[in-house]
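Novice:
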Amino acid sequence: MNPHRKNNYRFFLTPFSFLYGLVAGIRNKLFDLNILQSKDFNLPVISIGNITVGGTGKTPHIEYLTALLKDEFKVATLSRGYKRKTKTFQYGTLESTWEDIGDEPRQIKQKFPDIIVAVDNNRVHGIEKLTADFKDLNVILLDDAFQHRYVKPGLSILLIDFTRPLSKDHLIPAGMLRECPHEKRRAHIIIITKCPPDLKPIDRRLVIKDLNLFPYQNLYFTTITYGELYPVFGDINNPLSKEICKKEKYSILLVTGIANSRPFKKHLRGTSSKIRELKYPDHHPYNKNDLQVIEEQYNQIENDKKIIITTEKDAIRLQHLTGVGSTIRNNLYYVPIGIDFLFNDTENFINQITGYVRKNKRDSILYKNQD
Numbered sequence: 003m004n005p006h007r008k009n010n011y012r013f014f015l016t017p018f019s020f021l022y023g024l025v026a027g028i029r030n031k032l033f034d035l036n037i038l039q040s041k042d043f044n045l046p047v048i049s050i051g052n053i054t055v056g057g058t059g060k061t062p063h064i065e066y067l068t069a070l071l072k073d074e075f076k077v078a079t080l081s082r083g084y085k086r087k088t089k090t091f092q093y094g095t096l097e098s099t100w101e102d103i104g105d106e107p108r109q110i111k112q113k114f115p116d117i118i119v120a121v122d123n124n125r126v127h128g129i130e131k132l133t134a135d136f137k138d139l140n141v142i143l144l145d146d147a148f149q150h151r152y153v154k155p156g157l158s159i160l161l162i163d164f165t166r167p168l169s170k171d172h173l174i175p176a177g178m179l180r181e182c183p184h185e186k187r188r189a190h191i192i193i194i195t196k197c198p199p200d201l202k203p204i205d206r207r208l209v210i211k212d213l214n215l216f217p218y219q220n221l222y223f224t225t226i227t228y229g230e231l232y233p234v235f236g237d238i239n240n241p242l243s244k245e246i247c248k249k250e251k252y253s254i255l256l257v258t259g260i261a262n263s264r265p266f267k268k269h270l271r272g273t274s275s276k277i278r279e280l281k282y283p284d285h286h287p288y289n290k291n292d293l294q295v296i297e298e299q300y301n302q303i304e305n306d307k308k309i310i311i312t313t314e315k316d317a318i319r320l321q322h323l324t325g326v327g328s329t330i331r332n333n334l335y336y337v338p339i340g341i342d343f344l345f346n347d348t349e350n351f352i353n354q355i356t357g358y359v360r361k362n363k364r365d366s367i368l369y370k371n372q373d
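In case it helps, the working numbering puts the sequence shown at residues 3 to 373.
Below, the structure written as structure tokens:
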């Protein structure tokens, strides 16, 4: 968008942002004064959320926490299950589809089949249900819950996109902020996500100065890592790799339904300079018409060596479609993503998380209460 038009657009929306901020501020003050009640629980609850609309990389961070904790503790993840077609509390199983529990919970269950995955619009009810059903549960990872103040997490992790500093953003609808930037004070840990892998120390210091955190808050920086190509439908005889695609000069049809596909597209430019993108809204529910468009776009590419690439989250929504033709089935791949901590902070983060869970897990709390 033209910068001048963008500023005019923002100026027009500023009064609505003021009203939104007023309502959000009053709501937060009611919780701060205990007029609206936050409930805490007798086991570790770790909230992972953001203060902005759009992707900050919650899913790979939740997956990182899950992988970190699952071998030592009994772990459950609880999400509202955004865009699912069910309404009530649901447990995720290996047979669950994204329509049952949402794409992100489905992805987590597929990657970590042995952990408990649950969805509930009412997080308090969801936690009560989990703790009643699993007496040996050690920790709950609460997805996208920074604004869900009816639950008081023992540890709150706030994710902030490196490319979208809070100080340069605006409240909805003029900007992307869900609440005023000073509400970051509620977080115990702040992670600056999607950083360049070679982030310079001076840029780190500028972020620290801009955030002006409290002494009780810990700050970390992470970068996105990209895995190898995986067939969305796992029945391809000779699966491709990025190296083969690069060497043999493949063309890519990129299919995305995420909040921000730019970093992913930038990564794929290292594999091919010939990328055509089909862009859908975030959490888009793919249908047969979409399959037809994808196949048509693929067939229009004038290169015998071509491939369709999508995100891991989109793959979850595409896998359960019926009537997928051989053209898409044999040529559709996804790229999994993960995170790495920068500035040699991996061990510090691991120690903070595991230390919190060990200190506050149910048997520790019961033991303390008996003393």
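Where a beta carbon is used, it is the ideal one built from N, C-alpha and C, also for glycine.
Out of K196, T99, D102, V141, which one is the CA nearest neighbour of I117?
Specialist: Here the closest residue by C-alpha is V141.
Novice: What's the gap between the Cα of L179 and the Cα of E250?
Specialist: Cα to Cα, the separation comes out at about 44 angstroms.
Novice: If we ignore side chains and look at the alpha-carbon of each, how far apart do I355 and L344 end up?
Specialist: Each residue's Cα considered, the two are about 17 angstroms apart.
Novice: Can the beta-carbon of I48 be found less than 8 angstroms from the beta-carbon of L67?
Specialist: Yes, Cβ-Cβ distance for I48 and L67 is below 8 angstroms.
Novice: Going straight from the alpha carbon of Q92 to that of K276, what length do you get?
Specialist: Between Q92 and K276, the C-alpha separation is close to 42 angstroms.
Novice: So, H269 versus Y84, is the Cβ gap smaller than 8 angstroms?
Specialist: Contact flag unset, no.
Novice: Here's the rule I'm using: 16 or more other beta-carbon atoms within 10 Å means buried, otherwise exposed. How should N80 be labelled?
Specialist: It is Leu, not Asn, that sits at residue 80 in the sequence shown. It counts as buried.
Novice: In the DSSP assignment, what are the bridge partners of G229?
Specialist: Beta-bridge pairing links G229 to no other residue.
Novice: Let's see if you can read the secondary structure: which residues bound the beta strand (DSSP E) around I340?
Specialist: Looking at the sequence shown, residue 340 is not Ile but Gly. Its beta strand (DSSP E) spans residues 339-343.
Novice: For S49, which beta-bridge partners are listed by DSSP?
Specialist: Partner(s): L144, S158.
Novice: Alpha carbon to alpha carbon, what distance is there between K111 and E230?
Specialist: Going from the Cα of E230 to the Cα of K111 covers about 20 angstroms.
Novice: Under the assumption that F449 contacts L201 (Cβ atoms under 8 angstroms), give the Cβ distance between them as a whole number of angstroms.
Specialist: Given that the chain is displayed from residue 3 to residue 373, the structure contains no residue 449 and the question cannot be resolved.
Novice: My guess is that P183 and L168 are in contact by the Cβ rule of under 8 angstroms, so how many angstroms apart are they, rounded?
Specialist: The Cβ separation is near 4 angstroms, so the contact holds.
Novice: By how many angstroms is the C-alpha of R12 removed from the C-alpha of P5?
Specialist: Here the model assigns P5 a pLDDT of 48, short of 50, so the residue's position is not dependable and the matter cannot be decided.
Novice: Less than 8 angstroms separating the beta-carbons of T227 and G57?
Specialist: For T227 and G57, no; Cβs fall outside 8 angstroms.
Novice: Assign E65 to buried or exposed, taking buried as 16 or more other Cβ atoms, counted over all protein chains shown, within 10 Å of its Cβ.
Specialist: E65 comes out buried.
Novice: Would you tell me roughly how many angstroms separate the C-alpha atoms of I309 and R331, rounded to the nearest one?
Specialist: When rounded, the distance between both Cα atoms is 11 angstroms.
Novice: I'd like the list of long-range same chain contacts for L139, defined as Cβ closer than 7 angstroms, with 5 residues on each side in sequence excluded.
Specialist: Counting only Cβ-Cβ distances below 7 angstroms, and skipping sequence neighbours, we find L45, K76, A78, L132, T133.
Novice: With L173 and Y22 assumed to form a contact (beta carbons below 8 angstroms), what rounded beta-carbon distance in angstroms separates them?
Specialist: About 6 angstroms; that satisfies the 8 angstroms criterion.
Novice: Opposite T220 in the DSSP bridges: which residues?
Specialist: Residue 220 is actually Asn in this sequence, not Thr. Answer is I191.
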